[in-house]
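The structure appears below as structure tokens.
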Amino acid sequence: MNEKNETRMIVIAPSSEITPDQVVRFLHSLGKNIAIKETCYGAMIEGKKEDVQLAVREVRKLDPNRIYSKLRGFPVGDQRRCRALHGSRPGFTQLEKEWEMLSLIEKGLRAAEKNERIAEKKKKGKLSMDDFKRIVKEVIG
Amino acid sequence: MIKIAQLSCGTEYSGVQAEIEKAASIVGAKMVAPDVDLKDIDAAVEEFGFSPSSPQLKMMIARAVQLAHKRYDADAVFIASCFRCAEGALVRNEIRRYVQNHTRLPVVTYSFTERTKSGQLLTRMEALVTIVTRKDLLARERQVGLTAGIDSGSTTTKAMVIRDNEVIGKYWLPTAEVVPSAEEALENALAEAGVKLSEVEAIGVTGYGRFIVGKKLKAKLVQEELTVNSKGAVWLADRQKGEATIIDIGGMDNKAITVRDGIPDNFTMGGICAGASGRFLEIVAKRLKVDITELGKLADAGDYRKINMNSYCSIFGIQDLVTSLAEGNSIEDVASAACHSVAEQIYEQQLQEIDIRQPVIQVGGTSLISGMVTAMKDILGQDPIVPKNSQYIGAAGAALLASGFLEG
Amino acid sequence: MKVFIMPPNSLILFDLVERFGHEPLSAMKAIAERVTDLEIDSPPINVTSEDVKKGLKYAGIEVPSGIRGRLALWGPLIDEAEAAIIMEDAPYYFGCVGCHRTNEMVKYLLRKKGIPILEIPYPTNEEEAKFMVTKIKEFLEGLK
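Have a look at this one:
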């Protein structure tokens, strides 16, 4: 791979009806010269930057708020990052966690589309020493 | 293929992962990483009880727990973190304890910098592999037949001839050219034993020069010094059964090894700084214009507390000693301070990476310097065992193990 | 604009930055440039001891090699960044950087740059997720 190439992960939110198989078939139907690999979370694609980015734009249209994408550092099938050879990496657990969260992000995107104004939740502060002392006295008499 | 489980943080970003894998592959092993997923990490950290801030350290813990619960199969364990990382050092040591408490896998710990190269890791990896692949050989407790052992060390070369479990000849000399030094040591040991080379049934070789010497002398056993010296130490001290700690301070490096029935299960090696080796004592003796063999007695008559030594570096350490002499301190006090400085470094650097088990067996060239034994005793709060011929552990271990090739 | 994301390998942040029309600066970008360079051979991520020395630009020699190596990777991206989104209080699995101290240093270097930064808490429920996404959209649309 070089400057002109790129590898991408296409990740389907757990709330989506779309399956990795559908995503892969759709990507093939674009007729672009890109490598496509089906994965448990969606697909991995690799090819010329412009082709990959076009594919990402198009595949998102299938379910815009429930299909996500990020760049991947390693080329598809790179042995240096193979889970079977080296065990899982922290990046893998992060993807697991982020995938679980995508249904919430989808709701966020819908709110953003409607320009909803969401109030910031006040951060919980710590109890003041005086209050704490008073409570301790009350509790233990 | 021997599988060494790697529990580490920072190796990839320090540029040393390839070096670790290279060292493993040279000795016929491969590094593996126990697979974990999200839920394993949460549960593992809770079970372990130490929750570090760094995710990779949590991952290390999760991998250790996989090994402890036998959900992942490995033959040995390599635990490493970045040098100077406090959080990493705490986790590294506690994981080492945890793995030792829950498994019988041999463990080595290491703190690396970006300068770590495969060569520095080689002896450690080789020892892990030996412990796994030569279990039966390492279980040998009696020497049989007529065998010779050679320890081709960085500073001195030692040879020992043993017949039917009795030492019948030995010799040592400073290492000059590696092969001629080994040949000379062997020749003299054979002369003392009154036997001819042709009568010797097997030769074992260890130490830095083991490969070249082993090839030249057609040795049956060519093995790294961690396992060989351990065997030699427990054989010479007659402590073959049960647990022990071996503190081996040689001319250029030092080792701290814990053994169970003479077989190492945890070890560390220091070798970057001459300040924690016999070399420092040699420089001190030279500066004091005394023979190295007299240094120990002088040290025993001195008081290290009178000397202000602020540095562990052999260069700056000597400077401190020179200043102390100029201030009117006696050479006895200076000799005592020098021995204490080496002992303290061993304690602070090596003995923090292992858990000392009783008894402590002190060996290596420096164990002949009585002041060094006194210094170790002060620091450990107990008398180490110094076996007879304590500088010959490598040669003795090599001769003992080589005899394992004579039967069957 | 080039927007640095923290955690630098976040799928969600990467996607949102791109979705709202900017270029995310991520860990994956730094790693992709490195691992596909055939001239370097220090697997898996091709960080060499020379790189670790380059990390001295961001942290002194007393700092562990793993931190300097990480900073050698992310540092140039921080230098390039024109804006940043930092997700605070993310669960520990976030960030394949793996080292907490490096994470803190990266955030500090970003804050010190004086570029527009959105610091947003990690959401724990639907309401907070809505707040996060709308805030990010507003921040990114406001970048010129």
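Residue numbers (my numbering), protein chains in the order written: chain A, 1 to 141; chain B, 1001 to 1408; chain C, 2001 to 2144.
Glycine included, each C-beta is placed from N, C-alpha and C at the ideal position.
Since the structure is predicted, the reported quantities are computational estimates derived from the model, not experimental observations.
To which residues of the same chain is residue i closer than 6 Å at the C-beta, ignoring the five residues directly before and after it?
{"i": "Thr1374 of chain B", "result": "Asp1300"}
{"i": "Gln1006 of chain B", "result": "Met1031, Ala1033 and Phe1078"}
{"i": "Tyr1098 of chain B", "result": "Ala1064"}
{"i": "Thr2102 of chain C", "result": "Ile2067 and Arg2070"}
{"i": "Gly1404 of chain B", "result": "Leu1137 and Arg1140"}
{"i": "Glu1332 of chain B", "result": "Leu1298, Ala1301 and Gly1302"}
{"i": "Asp1248 of chain B", "result": "Asn1229, Lys1255, Val1363 and Gly1364"}
{"i": "Met9 of chain A", "result": "Met44, Lys70 and Arg72"}
{"i": "Phe2131 of chain C", "result": "none"}
{"i": "Met1 of chain A", "result": "The pLDDT assigned to Met1 of chain A is 47, lower than 50, so where the model puts this residue is not dependable; a value taken from the coordinates is nonetheless given after this. Result list for Met1 of chain A: Pro75, in chain order."}
{"i": "Met1309 of chain B", "result": "Asp1320, Ala1337 and Ser1341"}
Within this structure, are the beta carbons of residue i and residue j separated by less than 8 Å?
{"i": "Gly1394 of chain B", "j": "Lys1158 of chain B", "result": "yes"}
{"i": "Ile2136 of chain C", "j": "Cys2099 of chain C", "result": "no"}
{"i": "Glu1114 of chain B", "j": "Ser2042 of chain C", "result": "no"}
{"i": "Val1205 of chain B", "j": "Leu1217 of chain B", "result": "yes"}
{"i": "Thr2134 of chain C", "j": "Ile118 of chain A", "result": "yes"}
{"i": "Met1269 of chain B", "j": "Thr1175 of chain B", "result": "no"}
{"i": "Leu1380 of chain B", "j": "Glu1201 of chain B", "result": "no"}
{"i": "Lys1241 of chain B", "j": "Asp1261 of chain B", "result": "yes"}
{"i": "Leu71 of chain A", "j": "Met2028 of chain C", "result": "yes"}
{"i": "Lys37 of chain A", "j": "Val11 of chain A", "result": "no"}
{"i": "Gly1149 of chain B", "j": "Gly1397 of chain B", "result": "yes"}
{"i": "Asp63 of chain A", "j": "Ile18 of chain A", "result": "yes"}
{"i": "Pro2007 of chain C", "j": "Ala2090 of chain C", "result": "yes"}
{"i": "Val1334 of chain B", "j": "Ser1324 of chain B", "result": "yes"}
{"i": "Val1036 of chain B", "j": "Phe1267 of chain B", "result": "no"}
{"i": "Ala1338 of chain B", "j": "Leu1321 of chain B", "result": "yes"}
{"i": "Lys32 of chain A", "j": "Lys4 of chain A", "result": "no"}
{"i": "Val1213 of chain B", "j": "Ala1182 of chain B", "result": "yes"}
{"i": "Val59 of chain A", "j": "Leu109 of chain A", "result": "no"}
{"i": "Pro1387 of chain B", "j": "Ala1237 of chain B", "result": "yes"}
Looking only at its own chain, which residues have a Cβ that is under 7 Å from the Cβ of residue i, when we skip the five neighbours before and after it?
{"i": "Phe2004 of chain C", "result": "Leu2025, Leu2077, Ile2078, Ala2081, Ala2084 and Leu2110"}
{"i": "Glu1046 of chain B", "result": "none"}
{"i": "Gly1251 of chain B", "result": "Gly1153, Ser1154, Thr1155, Thr1156, Ser1277, Gly1278, Arg1279 and Gly1365"}
{"i": "Lys1039 of chain B", "result": "none"}
{"i": "Gly1207 of chain B", "result": "Asp1151, Ser1152, Gly1153, Glu1225 and Gly1394"}
{"i": "Glu106 of chain A", "result": "Ala13, Ser15, Asn65 and Arg66"}
{"i": "Glu1192 of chain B", "result": "Gly1169, Lys1170 and Tyr1171"}
{"i": "Thr1133 of chain B", "result": "Ile1002"}
{"i": "Leu2056 of chain C", "result": "Arg2068"}
{"i": "Ile1095 of chain B", "result": "Leu1007, Met1060, Ile1061, Ala1064 and Ile1079"}
{"i": "Glu2141 of chain C", "result": "Phe2020"}
{"i": "Ala1185 of chain B", "result": "Ile1150, Thr1157, Lys1158, Ala1159, Tyr1171, Trp1172 and Leu1173"}
Go through its chain and collect everything with a Cβ distance to residue i's Cβ below 8 Å, but skip five positions before and after it.
{"i": "Gly1445 of chain B", "result": "Shown here, chain B extends from 1001 to 1408; a query on residue 1445 of chain B therefore has no answer."}
{"i": "Glu1019 of chain B", "result": "Thr1116, Lys1117, Ser1118 and Leu1121"}
{"i": "Ile1131 of chain B", "result": "Ala1076, Pro1106, Leu1138, Thr1227, Ile1263, Pro1264 and Asp1265"}
{"i": "Ala1074 of chain B", "result": "Lys1003, Ile1004, Ala1005, Val1032, Pro1034, Leu1067 and Leu1105"}
{"i": "Gln1100 of chain B", "result": "Val1107, Asp1265, Asn1266 and Asp1355"}
Looking at the strands, I want to know which residues DSSP matches up with residue i.
{"i": "Ala1244 of chain B", "result": "B:Val1259"}
{"i": "Val1222 of chain B", "result": "B:Val1205"}
{"i": "Met2006 of chain C", "result": "C:Ile2086"}
{"i": "Leu1146 of chain B", "result": "B:Arg1163"}
{"i": "Val136 of chain A", "result": "None; Val136 of chain A has no bridge partner."}
{"i": "Trp1172 of chain B", "result": "B:Lys1158"}
{"i": "Ile1002 of chain B", "result": "B:Ala1029"}
{"i": "Val1077 of chain B", "result": "B:Ala1005 and B:Val1107"}
Would you say residue i touches the ligand GTP, meaning its beta carbon is less than 7 Å from a heavy atom?
{"i": "Pro1384 of chain B", "result": "What this structure holds is no ligand at all, so the ligand GTP is not there to describe."}
| task | Can you give me, in chain order, the residues of the stretch 93-109 of chain A that have a beta carbon less than 8 Å from any beta carbon in chain B? | result | Answer set for the stretch 93-109 of chain A: Thr93, Glu96 and Lys97.
| Interface residues of the stretch 1011-1022 of chain B facing chain C [CB-CB below 7 Å] | When CB distances to chain C are screened at a threshold of 7 Å, the residues of the stretch 1011-1022 of chain B falling below it are Glu1012, Tyr1013, Ser1014, Gly1015, Gln1017 and Ala1018, in chain order.
| field | Those runs of the alpha helix (DSSP H) which lie wholly inside the stretch 2063-2119 of chain C and span at least 4 residues | value | Fully enclosed alpha helix (DSSP H) runs of 4 or longer: 2065-2080 and 2100-2113.
| query | According to a CB-to-CB cut-off of less than 8 Å, which residues of the stretch 1163-1192 of chain B neighbour chain A? | reply | Within the stretch 1163-1192 of chain B, no residue qualifies.
| request: Give the residues from the stretch 1031-1046 of chain B that approach chain A closer than 8 Å (Cβ to any Cβ), ordered along the chain. | output: Taking 8 Å as the upper bound on Cβ-Cβ separation, chain A lies near residues Val1032, Ala1033, Pro1034, Asp1035, Val1036, Asp1037, Leu1038 and Ile1041 of the stretch 1031-1046 of chain B.
| query | For the stretch 1053-1067 of chain B, which residues have a CB atom closer than 9 Å to at least one CB atom of chain C, in sequence order? | reply | Those residues of the stretch 1053-1067 of chain B that come within reach of chain C (Cβ to Cβ, closer than 9 Å) are Ser1053, Ser1054, Pro1055, Gln1056, Leu1057, Lys1058 and Met1059.
| message | Beta carbons nearer than 8 Å to chain C: which residues of the stretch 64-80 of chain A have them? | response | Listed in sequence order: Tyr68, Ser69, Lys70, Leu71, Arg72, Gly73, Phe74, Pro75, Asp78 and Arg80.
| Runs of alpha helix (DSSP H) lying entirely within the stretch 1088-1126 of chain B, each at least 4 residues, in chain order | None, since the stretch 1088-1126 of chain B contains no complete alpha helix (DSSP H) of that length.
| Taking only runs of the alpha helix (DSSP H) that begin and end inside the stretch 4-53 of chain A, which ones reach a length of at least 4 residues, in chain order? | Every alpha helix (DSSP H) of 4 residues or more that sits fully in the stretch 4-53 of chain A is shown, in chain order, as 20-29.
| field | chain C contacts from the stretch 1261-1276 of chain B (Cβ-Cβ distance under 9 Å) | value | Answer in chain order: no residues at all.
| request: For the stretch 1088-1118 of chain B, enumerate the residues whose C-beta is nearer than 8 Å to any C-beta of chain C, in chain order. | output: Residues passing the 8 Å Cβ filter: Gly1088, Phe1112, Thr1113, Glu1114 and Arg1115.
| Can you list, in chain order, the stretches of the beta strand (DSSP E) that have 3 or more residues and sit fully within the stretch 1347-1382 of chain B? | Within the stretch 1347-1382 of chain B, the complete beta strand (DSSP E) runs of at least 3 residues are 1360-1363.
| field | Under 7 Å (Cβ pairs) to chain C, residues found in the stretch 28-55 of chain A | value | Those would be none; no residue qualifies.
| Those runs of the alpha helix (DSSP H) which lie wholly inside the stretch 1280-1324 of chain B and span at least 4 residues | Complete alpha helix (DSSP H) runs here, min 4: 1292-1301.
| task | Taking only beta carbons into account, state which residues of the stretch 2036-2052 of chain C come closer than 7 Å to chain A, listed in chain order. | result | Answer in chain order: Thr2036, Pro2043 and Pro2044.
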